[in-house]
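Here the structure comes first, spelled out in structure tokens, and everything after it is commentary.
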Amino acid sequence: MRVGICGAGPAGLTLAAILSREAQAGAFELKLFERGEAQRDQGSGWDMSKAALEALSRAGVDPSTVQRAGSDTMRFYRTGGSRPDVCLRLPTYMKRWGVKKEDVGLDQMNLETERNLIIGGLMDQLGSEVAVQHSTNVCAARRKGDGVELLGTNQEPLGDFDLVVDASGVHSHTRGARFTHSADAFYTGVCLLQGVLRSPEDSLAPEIVSRLGEGSFGIFGPTPSGEGVIELFIQRYGAALDNKVANVNINVPCDDPHALADLVGLSGVHGASSTQEQLEAVKRYYKDSLSHPDWPQCYRELFNEIEAVRLLPVFMHPMAEVLLGEHGVVDGSDSLCFVGVGDALHALPPWSGTSGNFAMQDSADLATALLDLQEQGWCAESLARTVRECERAFLQRADEPRLRCINAGERFKDMLTTRVKDYDYVLSHIAGEKSMFASMETFFIVSFLKTLTWLNRFENYGL
Ligand SMILES: Cc1cc2nc3c(=O)[nH]c(=O)nc-3n(C[C@H](O)[C@H](O)[C@H](O)COP(=O)(O)OP(=O)(O)OC[C@H]3O[C@@H](n4cnc5c(N)ncnc54)[C@H](O)[C@@H]3O)c2cc1C
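In this note's numbering, the protein residues as written are -16 to 446.
Shown next, in the form of structure tokens:
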């Protein structure tokens, strides 16, 4: 089976590596097309769920080589507060009593990972039947005979395949072969402004370094006018403990990401930039954002040593019923041997904490389905049928957190008009609601996290 894979990110590479390791010799011929260059900084990964780690292991990468030990802790403060409002951490005394994270609903709080090592590790697992073509922008996919043809930037043919797997992320160019514009990813109203700090130990105040620990630290305080709330979030992601690198993030609710890009000097810049002029413009923006006197000076100084910056307008896809409904699917495409996985099919925003996990799971499950089909014997019809079943299952399972994420996106706008004293991080981000009594689920989530924070008090929050 000739399989063309668009995108050599976590999803595309996991699929290729599993097929490469588990298929009989000669069963698959795989070609990956990647827009980026082979050598590039991939930035941070994410805290991987059990299912994602299983997919990674199956692809031949030992999870411990990409994870940062001790990074499964997050503390969130408000300016002026000496204790965190939220502390996500399993106290060691509970561990000693034999309590596991999953017993207390903390199974979503996992170790952070380093994306460079994930991508590098997966690339190392690809056998000789896999070709990877970097610096190749796939721009379209179209039916050709029983299979699918891929086209490049100037409509040049990139190859004919029995199956095309779209793993090119939320801004996929090939998705149009299967879904109409009504099923496109939509802008959530929030941009993420991100900077990279090589060594917090060398450049940050001891108070911030201590609160960060080996994991994540957030703090919210007033906007310059005092009328709203702004959040600052720092997270380590280097797998080796002596790799201190961290991301610094602020979420900026705004209707027009282009206007924000102009303001921070990042118009037309894709990915990370480390040019002096752009670094300075972003640092100015960060510092201005924290100019209210309630922000201690050390938080403004935090940006002095930032080495690279990027602006990420956050997009996500609509619910499965929109994609699979009458207007979402391209007419006649049910029989097309084309399927999306990961963010190309069903992106969720970073605050879901799950989009990458679904991406890895999709790839492992698609690999299983293709291996089974290969064993039974396949034709274009059975292949199309199989990928349609996978597509439906992938979309439906990623729907579970989708509505909560849409609500949480709405709450970001409220930050502009909510004073610090009235702001609740858990309600806003994790529950995506205005009141803890909005539903039973919200009530339990909020109560649980407040109790967990209280339990951490007996160990000084792990500081
Ligand atoms: C700040 C941040 C925090 C996050 N936190 C979490 C978290 O806590 N938990 C979680 O599960 N997920 C998280 N995510 C999401 C996670 O990173 C993504 O879901 C995951 O990377 C998706 O993998 P993917 O392979 O589907 O797509 P991507 O990672 O987007 O990879 C797509 C690949 O395709 C390539 N490509 C794109 N267009 C083309 C083209 N036209 N032609 C060829 N190649 C192309 C890209 O260069 C890239 O290599 C976070 C994301 C961000 C940005």
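C-beta: ideal position from N, C-alpha, C; glycine also.
Assign residue i to one of three DSSP states: helix, strand, or coil.
i      : result
Lys404 : helix
Lys127 : strand
Glu17  : coil
Phe377 : helix
Gln357 : helix
Leu89  : coil
Gly308 : coil
Glu132 : strand
Ala291 : strand
Ser272 : helix
Ala150 : coil
Gly323 : strand
Asp518 : The structure shown does not extend to residue 518, since the chain spans only -16 to 446, so no value can be given for it.
Thr171 : strand
Asp143 : strand
Ala114 : strand
Arg181 : coil
Phe453 : Residue 453 falls outside the range modelled here, since the chain spans only -16 to 446, and no answer is possible.
Measure from the C-beta of residue i to each C-beta in chain B and report whether the shortest distance is under 8 Å.
i      : result
Leu273 : Note that chain B does not occur in the displayed structure, where there is just one protein chain.
Name the one or two DSSP bridge partners that residue i has.
i        : result
Gln138   : None, per the DSSP bridge assignment.
Tyr60    : Ile202
Gly(-10) : Paired residue(s): none; Gly(-10) is not in a bridge.
Gln218   : Ser199 and Asn230
Thr96    : Gln50
Pro296   : Cys174
Leu331   : Leu331 is not bridged to any residue.
Ser27    : Glu97
Pro236   : Val173
Ser256   : Val292
Cys70    : Arg58
Glu12    : Arg(-15)
When the Cα of residue i is compared with those of the options, which residue comes out closest?
i      : options                           : result
Ser155 : His310, Arg23, Asp143 and Arg18   : Arg18
Ser65  : Ile191, Ala(-9) and Met423        : Ile191
Leu432 : Met92, Leu285 and Ser3            : Met92
Ala229 : Leu215, Val235 and Pro240         : Leu215
Leu105 : Cys122, Leu356 and Arg41          : Arg41
Ser450 : Glu210, Pro67, Arg394 and His241  : With the chain covering -16 to 446 only, the question about residue 450 has no answer from this structure.
Gly514 : Val153, Arg402, Thr351 and Phe59  : Within the shown structure, residues of the chain are numbered from -16 to 446, placing residue 514 beyond reach of any answer.
Arg402 : Leu435, Asp382, Val87 and Glu210  : Glu210
Pro470 : Gln25, Val49, His329 and Thr436   : The requested residue 470 is not part of the displayed model; the chain covers only -16 to 446.
Asn234 : Leu295, Ser208 and Gly251         : Leu295
Asp30  : His164, Gly221, Asp86 and Gly251  : Gly221
Ser47  : Ile101, Glu5 and Arg79            : Ile101
Pro189 : Cys281, Glu20 and Arg267          : Cys281
Leu13  : Glu20, Gln25 and Ala0             : Ala0
Ala264 : Leu246, Asp407, Pro183 and His253 : Leu246
Gly128 : Leu399, Asp143, Ser27 and Gly28   : Asp143
To which residues of the same chain is residue i closer than 8 Å at the C-beta, ignoring the five residues directly before and after it?
i      : result
Trp278 : Thr62, Gly204 and Pro205
Leu146 : Met(-16), Arg(-15), Val(-14), Gly(-13), Gly130, Val131, Cys320, Phe321, Val322, Leu353, Leu366 and Val370
Asp317 : Ala367 and Arg371
Gln22  : none
Thr434 : none
Asp271 : Pro207
Excluding the five sequence neighbours on either side, which residues of its own chain have a C-beta within less than 6 Å of the C-beta of residue i, listed in chain order?
i      : result
Ser3   : Leu109, Gly110 and Val113
Pro332 : Thr171, Val297, Met299 and Cys388
Pull up the CB-CB distance for residue i and residue j, whole angstroms please, since I reckon it's below 8 Å.
i       : j        : result
Asp149  : Cys(-11) : 5 Å
Gln116  : Arg293   : Not a contact, Cβ separation roughly 25 Å.
Asn232  : Leu175   : 6 Å
Gln459  : Leu94    : Nothing about residue 459 can be read from this structure; the chain reaches only from -16 to 446.
Ala327  : Gly152   : 6 Å
Phe16   : Leu141   : 6 Å
Pro207  : Phe395   : Not really, about 18 Å apart at Cβ, beyond 8 Å.
Leu89   : Leu349   : Contact flag wrong, Cβ pair sits at about 29 Å.
Pro(-7) : Met302   : Not a contact, Cβ separation roughly 23 Å.
Ile213  : Phe200   : No, Ile213 and Phe200 are not in contact; Cβ-Cβ is about 15 Å, not under 8 Å.
Given residue i, which residues of its chain have a CB within under 7 Å of its CB, disregarding the five upstream and five downstream residues?
i      : result
Asp447 : Here the chain covers residues -16 to 446 and nothing more, so residue 447 does not appear.
Glu288 : Leu180 and Ser186
Phe162 : Leu306, Gly311, Val312 and Val313
Ser257 : Glu290 and Ala291
Ala381 : His329, Leu331 and Phe341
Asn439 : Cys70, Arg72, Pro74 and Gly445
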